Each structure stands twice: as structure tokens, then as C-alpha cells.
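Just below is one structure, and these are the notes that go with it.
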Amino acid sequence: MKEGCLMYSSKLQERLKSKGIDIGDRIKVAGPGGEFTGFLMPRPHYGDSDILVIKLSSGYNVGLKVDSIELIEKSKASPKPASSEERIKNGHLSILGCGGTIASRIEYKTGAVYPSISASELRQSFPALKRWAVNSRQIFSLFSEDMNASHWRLLADAIDEEIKGGSNGIVVMHGTDTMTYTSSAISFMIQNPPVPIVFVGAQRSSDRPSSENEMNILNSAYTASKDFAEVSVCMHATTNDDYCHVHRGTRVRKMHTSRRDAFHSIDSDPLFSVDYRTETFKPLSEYRKRAPVSEMNISKKMNDNVALIYSHPNIKPSLISKLDDYDGVVFIGTGLGHLPANAFDDKSVRSVLEPVKALIDSGIPVVMSSQCINGRLCMRVYTSGRLLMDIGVIGDGMDWTPETAYTKLCWVLGQTKDMKKIKEMMVTDYVGEICPRSGTQIV
Amino acid sequence: MKIGIEIHQRLDTNKLFCGCPSAQSDEGKPDLLMSRRLHPVVSEMGEIDEASMAEKSKDRVFEYQVFQKHDCLVEMDEEPPGRMNMEALRIGLQMAKELQATPVDEVQPMRKMVIDGSNTSGFQRTAIVALNGCLESSKGTIHITTIAIEEESAGIISNEEGKATYRLDRLGIPLIEITTDPDIKDGAHLFEVAEKIGMMLRATGKVARGLGTIRQDVNISTDGGARVEIKGAQDLKMLPQYLEIEVKRQTALVSVLAELRARKVLPISSKPIDATEIFKSSKAKIIEGGLKSGASVLAMNLPRHKGLLGREIQPGKRYGTELSDYSKRAGVKGIIHSDENLEKYPISQDELKKLAKKLDMGEQDSFVLVIAPKEQAETALSFVLERANMDFVPGETRRANPDATTTYLRPLPGKARMYPETDVPPIPITTDFLKSVEKGESLDEKRKRLEKILNKEMAGTMLKSRNLHLFEKLVASGADPTLAATTLENTLVSLRREGIELTDPEKTLGELFEEYKKGAFVKAAIPEMLKGMAKGARVEAVLKVYRLQRITGDMLDQLVKENYYDMTAIMQKFRLQVDPQEVAELVKKKK
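Listed in order, the protein sequences are those of chains A and B.
Under the working numbering, the first sequence has 237 at position 237, and the numbering climbs by one with no breaks.
Each number in the working numbering corresponds to the 1-based position in the second sequence with 1000 added.
Now the structure itself:
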């Protein structure tokens, strides 16, 4: 019995099994509403598992409780996705798949999701890709919220291989939820790459005619062919299907749960606006051009034992104390970079100053970022910030996003264990994660 | 011949998958514009729908007008849909009871791919709520195939080459769709069935009223012809005409086919030929303008077609129109063909001679011309050839035109365009939920009740009226039933002819009947009262300004005396202010 049948109740599964019926077969059912013929469909995960889902000849699915089920015809096997293809040696565009909805195909008969990532499948889905010689491979296929540092490592290895294999530009298809964690992590792991590394995703799944995946992929492929060499994210710039923005991998953030134009450069302009249809590739900020591969610095080691904590009213000092089995902690503090530190020595306040100090004293670096997302940390302005700085919290003067502060600490802790060196590396700008001047962009 | 009908009725609830109101905006100016593109996707069965592919070849940009009071991110396709509006589902189940259909045990929301831009998502959300119903008619039982609840599409504003513009306020309004089996016998029967279902829907009291809130799609298949779906007929009375013209169209096409077979024309293997050179100094505006903007003139020989392209198959539409409609799929404006009056463009005899030579045309051959950018013109001619080579009457979806003719829209959609709406969980129809669905009054029950308060004829009129719901409200708040019915069905209609329209009929009529009950004016004054109130004036003001206060009691006594008890004279002078019965009694008393 095929996988899709397992979504039915065991009683129904038994009945289907005894008749030799699988998902996709043409069946006849009878119930109180009369007799119907149609195809047996898999059930969604929710709802009553005793209700059979049938696709009628009109194409409509209906859920019915049935008295009798008969098999009319077994379904014809559907073609399996192509497995391997010949790889191009040099000067190719590399498309790497990490999952996400951008280029997946749902096989409704079985309910399985296939990444449609072979070069021929990509060309079929996006005919305009024909202008580039494409090598593609699936690194893994995950919802981006399920990814962790081990996946960053797998991806960094694959990018490294592609670059050494003569790739002319790299596109990474990725789920949108944690895309900017990965883009910033890869920014630190692979510095000064010789070619562009462009992350791309889609906010509307590929099974919709309105999916913006086509425009995003083609614009990212176009970007990957340009004289530009940074880790970046290419997504819709507006709600229209008109052009994309290319953002620096360390400065970009997903700012909306569902809109196409969810990705924004924080406190800075995007790098480019790009439209492959009109061959527009317009710089909006300074950017790094392609350079010899010898300039590339690869340091893929990451420490994944780092916590990211959102400060909030009522936060308990005991929560902070429990963080002592981490190797590093990043706070998303309030305002200019604050945590409750009880500057007025008020009896009603629960200060976290002591437990934070205890963490630092035990050799765990503590880094600050802000819930305001936009703007710079200015911890020297108020007493709370000064108290935090005094005990050794890192971050004053930084304008990093919480995600970038997080991946940077993971990366720094992968490079050194020395507290002094950690502090020094954290406040050194490596890949545009810290801007010396605050942008005047309107939030 | 087989005839079936689909009826779509807008419901008076919020939108189907978000909290936006279902009213349409009166504002002309949108708050926001956005532009999008669509592309077909593979169905759950691994196929691509033919109708959707036909649309795709147009490769168009869609512009959407957003109205913030009526639209949210769901209509903009920038947020997943919410849960299905349960009130709409309830109305669907109420109709299921009325039509003795069996509710499904679990409603499975589906996506019906539509990539003509009328849905921002590229699909219409739709779900069957009940199956297998029936309806009694004068010519036997009509089987109801399905009752579905679905989303209304966006309203089209313009459709130009390469770009269509829609407004989003209408998108997402719930529709109930009732589909019959092909059990309908003829035009009159079609009208009867459509009217009856329409009345049943209005009897629920929960449907939207006004122009465009109900639409009929007719399915016709004729012997020797094909199944054709005529979409979007709004005027019930025209249904028999659509039917008649479609039957004639198919019959004419069958005779064109017979002629093509007799002339041994098919298959045709003509190729488009670039004839731009011939027309480079053309006097024809359409060609001259096209060439100026960089278009080419492409021509194609249709062998032994002479006389056939010009054969009328619908009033004012020829076989050439059928070919032209197919060419429009490529986004061109249409074709010019040799059975047309070519002097009207004008195309000169010299150009014709050169063209005949270039296309190597024989005496009985015809040509078609397309003026468009070369690649687009080639595509357009390939669509013409595709249609010209059909050795059968094609099954089609056609648009209902106001003149009862129809125009080709796209091939008939197949099941490949349906796939599950994975963003909306299926909805179980539990026994408890079914119990909570009130059956409401059946149509027969409603008729009987109306006949108790109105005469039989008026009851029949009210039952069919779009104003039924308003009538019931007015009566419930104390208005005299006959007066309410005549005001709604006669007075308002005459006023409309004079160009007077009430902006809020419910409020205005409510006030009017309340004051009338108090005796502030007489029945004859109602049209004048409404004229004043339509301008937004209050009742007291209208009474004063138009001098419509009722004269009664001592004042009337005095007036009757002053007019020497002459009933005719009094009524002539004071018709709008006196009650004739009251005057008659005073006159009678004197005598």
C-alpha cells in the first residue's frame, strides 16, 4: 500500500487493502447520497480519517462517508523525476537546492513533495533559464525553520566545491523563513568569493499560477552572471511582478510573514535592483566585484551552541542563569541595547544584571542586538546600557541585525575560544555586517 | 440536444476567505495599483490544463486596482486565505435542503486554475457542499448535479493587447453555484428552471441584490455539434435567445464543415508569409499605424475557402469571425480576410493582386492577414490554422454578448485545472452543524404566505422580484403589504424611468411608510414624496416644500364647503392632499 493511504483510519486502510485499492486508483463508492465514481485521493493530515476523499470526473474533490467501495481501475504509474544528469565542467551557473517552496513539486497522488531540481526540470518549469548552462544539485530538502548549523556547513561545502569546479555564479534556492540566518552564516564562512552567491526563495508556493518563484529565480540567475561577488539575497522588491532587489547577505531581513516584498535591507540600501526581462542591473550601493579565487577566505567552522534570547518585561533572572551550558549568548534587547538592569535600584524590579555577569565571568560571551531592528546600539547613553557594558556585554556601536549578530557569534566561536579575541572579532567588520555610518533611509 | 445550466448567485455575507465586506466600492479611484503575471502549473494528476495553456500563450501583464475599504492582503494574493465563511456554507446547505441534495461529509476546498487574470492567485477557490439534488418543473424532474460555494472573480475594466486591468473589490465575494444535469428540454424550459432556482435563492433572504449579482452559464450540446458553455448571461429573459442562436451557430458550422469536406480542403498545411513589403505604402489606417509601430503584415492562404469565410453563422458574425476569435489568443486584435469588404480599410486592387501572387492563390482560395509584431503575428496565424483545420465543431467556452450572440473565450476547461487548496483545511459537515441549518421557508410556503397578504398576481410578482427581501423587511416593520408591494414594483420603477433613484431604499421607504401610517400625507402623494426624499430631504421638509400635508378633519370640512361639495373639482385641485374616501363621505353626508 502506498504511503498516501496511511492518512486514512486503520479501519479504512483495511477495507482499501482488502480490495487492492491504492491512492490514485479509479473507484466506485456508494453511500447515503448515491453512487459516485472517481479517483481515490490522499487525505490531508487534519480532519476525520474515516472520510474518504474522492476526485470526481469534474475534477472536484469531495469527502464522503461510504458504505461500499469497489475498484474500477488501477492507476498508471506516474513518471519518476529524473535522477542524474551530465554535469557541465566550467563557466556554468550552479543552482543548489535546500528545499523551500520555490521549486518543489507536490505529487498529490501520494502526497509526497519532490524537489524539482534537476536541470531539465528547472528548464521545464522556467523556460527562460535556457540562456544559461545550468548545473544543479539538491543539497538537502528541508523547511528552512528545520535547518541548523550542520546544514550551513553542508551548503558551504557544496558552494566551495562548485567554486572550485569552475562555477561562474551560484544560486541557492532556500525556504524564506530562516534564509537570512543562512545568508549571513555563509557570508562569514565563505568570505571574498570569486563569484556571486545569490540566495533566492518564494513567498507564494510553486503550485500557484501567481507564484513569484519564476521571476525571483530568473533574476537571481541573471544576478549570478554579473560582475559582482558577494553573498546576497534576491527577492521581489515590490508587490508587483516587476523587479527584484539584491540585498547584502548580512544586512537583509524578512520583515513580513506573507508579502512578496518581505525582504528588506536594514539601515542600508539594497545592492542592486534587477530585472532580467529588460536586462536591468542597477547598483544602489557600493559592492564587491569579481576577484581571483585566491582572494577567497574559507573558514567553515561554526559553533552551534549559542542561544538567541528575546528580552521582555517579566523576564526572570533564573532564565538567564539556565543559559550557562551555552558557549555564547546573543540578546535581542530593547531600545538602544538594554536589559532590565535596575538602574534606579527599585525594590519592585527584577534585574538580570547579576546572572548576565555570572555568564560572562564564567567565560561565556554575551552579545547585544536590538528589538527595534533598525538603528544602532548606543549602550553608553543610559545607565542600563552602561551597566551592561561595564560587565562586558559586547555590542555598543554595532548596527547589526539580531540574526547576523547570532550567526557571527556562532562563527567567531568556531574560530577562537579566547575571550579577548572573541570581543575583537565581534566588533570587526568582515562582510558588511557592521556599517560605520548610519543610513538615513526612512524606516 | 442537451441543455444544462449553472447558476451563480452572490451571497450577502462577508467575503469567503477574509473579513472584507462583500459590497463593491462606489469610488472610481483606487487606493493602490499593482501589476502581476501568471503562469500555468501542473495539476495534482500531473497534467496541464488546455484552457490554461491557451491563456498562457497571451503572456500578459495584469494590473489590479485595490480599494482599501474592500480589499485586504488576501485579495492581493499577499496573504494566505483565512478559513471559509461559515455563513456562506450554511446558505449552501440551506439550498441543499431546498433542492433535496445530499451534503458531503467533508467539504474539500479546491483551486480551479484560471489564468486570465481575473483571480490574483491564478485560481478560483471552490468547494462542493452537496450532490445529487432534484427540482420539479413543468417538463419533468431536473437533476441537480452539484451545489458549490466559490469565490467571485475580480471585475474587468479593460482588456488591451498584452495587458488587462481588473478591480479587486469584487474578488472573493461568496457565490453559490448550482449546476443541473442536461435535463432541460428547450428555451422556455431553460427560462423556467433558471427562474425557479433564482426564486429559491432569493427566498433564503441571504443573497445579494442588484445588477450582476446573479449570472447564468448555459451548457448546450447539439447533435453533430459539440458541447459549448455560454458564460455570464445576466438577463434571464435572454436565455432562450442565446440557446436559439447557439443552435443556429452550430448548425451553420456543421454546414461549413460539410462544404469543406466536399471541397476536400482539410487538412490545410499553409504557412504564414511576410507580406509587409506589399503594404508598405498602404492607405489602410490599421496597416499604416501598425507598420509605423514596427509591426509586420503576415498573410496565409486558406485554400478553397472562398465564400465560406463570409458565411454568416451568428447574426452579424461570420465563419471568419470564428477564425479571428482564435487569433486573439495571441493577443492580436483580429484578422482581415478576403471575404470581407476590403474597400472599407481600404486595401487596393493592386495590393490584392500582389498578395494573390505572393500567396500563390487560385481562384477559389482565400487569404487571412494579421498585423502585429512578427513573432506574435506568426502565433496568431498558427491559431487561425489550428481552428481552420478542425474537422469537427469544437467544444468551447463562449462569452454571452448583450446582443445574444457569443464570442469564443477558450477551450472547455478540463479536470486538470482542479487541485486542492492546501491553505484551507477541509470542513467536516457534522450532524450537529446540519441540524443547526434552518431549512427556512420553502418556495411553496413563501408563496402561500404572500398570497395571504397580497392578491395572487401581486404575490407572484413579489416572489420573482429582486425586492422580495426588502418587501419582507418593510412589512415586518408595519408597512401595508399592498402599498409596499406597489411602491416597490410600480412607483420606484416609474421614478427610475424619470432618472430618480433612491440611494438607500430601505431607509427612505421605512420612513415614508411610518409617516404615512401616522396620516401625514395621502397615498396619491407618495411619488412626489419620494421625489423629494430622493434628493436627501427629510419627510417634514418635503411635506412643507411640496405642500403635501394631508388636509383632514375641520380643514377638509371647510374646503369641501368652499368648493360647493363638488367631488370632481375638489379631487382635481387637491388630489395630492386629500383622501378621496374622506371627501366622498363628506359629500354624501351633505346630500
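Beta carbons: idealized from backbone N, C-alpha and C, even for Gly.
These numbers were taken from a predicted model, which means no experiment stands behind them.
Going along chain B, which residues have a C-beta under 7 Å from residue i?
{"i": "A:I51", "result": "D1105 and E1106"}
{"i": "A:S210", "result": "R1036, L1038, D1077, T1120, S1121 and G1122"}
{"i": "A:V431", "result": "Here the premise fails: no neighbours, minimum Cβ distance about 31 Å."}
Select from the options the residue whose C-alpha is nearest the C-alpha of residue i.
{"i": "B:D1071", "options": "B:T1430, B:V1104, B:S1025 and B:L1483", "result": "B:S1025"}
{"i": "A:S258", "options": "B:K1452, B:V1218 and B:D1423", "result": "B:D1423"}
{"i": "A:L271", "options": "A:H256, A:D261, A:V246 and A:A291", "result": "A:V246"}
{"i": "B:K1002", "options": "B:I1220, B:R1125 and B:K1163", "result": "B:I1220"}
{"i": "B:A994", "options": "B:D1183, B:K1590 and B:I1144", "result": "Here chain B covers residues 1001 to 1591 and nothing more, so residue 994 of chain B does not appear."}
{"i": "B:Q1094", "options": "B:K1435, B:F1191 and B:K1464", "result": "B:K1435"}
{"i": "A:H264", "options": "A:W411, A:D275, A:G249 and A:G33", "result": "A:G249"}
{"i": "A:G99", "options": "A:T401, A:T178 and A:E286", "result": "A:T178"}
{"i": "B:Y1564", "options": "B:K1588, B:L1543 and B:R1547", "result": "B:K1588"}
{"i": "B:T1321", "options": "B:S1296, B:G1362, B:L1409 and B:E1375", "result": "B:L1409"}
{"i": "B:S1118", "options": "B:L1099, B:E1152, B:E1098 and B:E1192", "result": "B:E1152"}
Here's the rule I'm using: 16 or more other beta-carbon atoms within 10 Å means buried, otherwise exposed. How should residue i be labelled?
{"i": "A:E3", "result": "With a pLDDT of only 48 at A:E3, under the threshold of 50, the placement of this residue in the model should not be trusted, and no figure is reported."}
{"i": "A:F143", "result": "exposed"}
{"i": "B:T1141", "result": "exposed"}
{"i": "A:P42", "result": "buried"}
{"i": "B:T1568", "result": "exposed"}
{"i": "A:E212", "result": "buried"}
{"i": "A:S175", "result": "Note on identity: in this sequence residue 175 of chain A is Gly, with Ser being the wrong assignment. That one is buried."}
{"i": "A:V293", "result": "exposed"}
{"i": "B:I1157", "result": "exposed"}
I need the straight-line Cα distance from residue i to residue j, nearest angstrom please.
{"i": "B:I1427", "j": "B:P1109", "result": "8 Å"}
{"i": "A:G210", "j": "A:S120", "result": "Inspection of the sequence shows that residue 210 of chain A is occupied by Ser rather than by Gly. About 22 Å."}
{"i": "A:A82", "j": "A:N135", "result": "Here the model assigns A:A82 a pLDDT of 49, short of 50, so the residue's position is not dependable, and the following value carries that caveat. Approximately 14 Å between the Cα atoms of the pair."}
{"i": "B:I1230", "j": "B:A1404", "result": "10 Å"}
{"i": "B:P1182", "j": "B:E1006", "result": "10 Å"}
{"i": "B:A1194", "j": "B:G1225", "result": "24 Å"}
{"i": "A:R15", "j": "A:T223", "result": "55 Å"}
{"i": "A:D361", "j": "A:M173", "result": "42 Å"}
{"i": "B:A1380", "j": "B:L1016", "result": "38 Å"}
{"i": "B:L1308", "j": "B:G1019", "result": "54 Å"}
{"i": "A:F188", "j": "A:R288", "result": "15 Å"}
{"i": "B:M1390", "j": "A:P32", "result": "44 Å"}
{"i": "A:E145", "j": "A:P44", "result": "21 Å"}
{"i": "A:L319", "j": "A:F331", "result": "12 Å"}
{"i": "B:E1160", "j": "A:I298", "result": "54 Å"}
{"i": "B:G1212", "j": "B:G1172", "result": "15 Å"}
Among the residues of its own chain, which have a CB less than 6 Å from the CB of residue i, if the five just before and after it don't count?
{"i": "A:L52", "result": "L64 and V66"}
{"i": "B:L1032", "result": "V1066"}
{"i": "B:G1155", "result": "R1167 and R1170"}
Return the chain-ordered list of same chain residues with a C-beta closer than 7 Å to the C-beta of residue i, the five sequence neighbours on each side being excluded.
{"i": "A:A237", "result": "Y243, C244, H245, D261 and S273"}
{"i": "B:K1328", "result": "G1334"}
{"i": "B:K1112", "result": "F1123, Q1124, T1126, R1417 and M1418"}
{"i": "B:V1061", "result": "S1035, R1037, G1162 and K1163"}
{"i": "B:T1407", "result": "D1325, R1398, R1399 and N1401"}
Can you name the residues of chain B whose CB is closer than 9 Å to the CB of residue i?
{"i": "A:G47", "result": "E1106, P1425, P1426, I1427 and P1428"}
{"i": "A:E73", "result": "Under the 9 Å cutoff, chain B gives no residues; its nearest Cβ is about 14 Å from A:E73."}
{"i": "A:E214", "result": "R1037 and H1039"}
Name the chain B residues whose beta carbon is nearer than 8 Å to that of residue i?
{"i": "A:S258", "result": "L1073, E1078, E1079 and P1080"}
{"i": "A:N240", "result": "M1034, S1035 and R1036"}
{"i": "A:K65", "result": "D1105"}
Could you list which residues in chain A have their beta carbon closer than 8 Å to that of residue i, in chain order?
{"i": "B:R1417", "result": "G59"}
{"i": "B:N1132", "result": "G33 and G34"}
{"i": "B:V1041", "result": "S206, D207, R208, P209 and S211"}
Give every residue of the same chain whose Cβ lies closer than 8 Å to the Cβ of residue i, excluding the five residues on either side of it in the sequence, and list them in chain order.
{"i": "B:K1280", "result": "L1291"}
{"i": "B:R1449", "result": "E1441"}
{"i": "B:L1559", "result": "I1551, I1570, F1574 and V1578"}
Find the residues of chain A that neighbour residue i, judging by a C-beta separation of less than 7 Å, and give them in chain order.
{"i": "B:I1091", "result": "Ordered by position in chain A, no residue passes the 7 Å Cβ test against B:I1091, which lies about 19 Å from the chain."}
Which bits of chain A does residue i rub up against, with CB to CB less than 9 Å?
{"i": "B:I1128", "result": "L56, S58, Y60, N61 and V62"}
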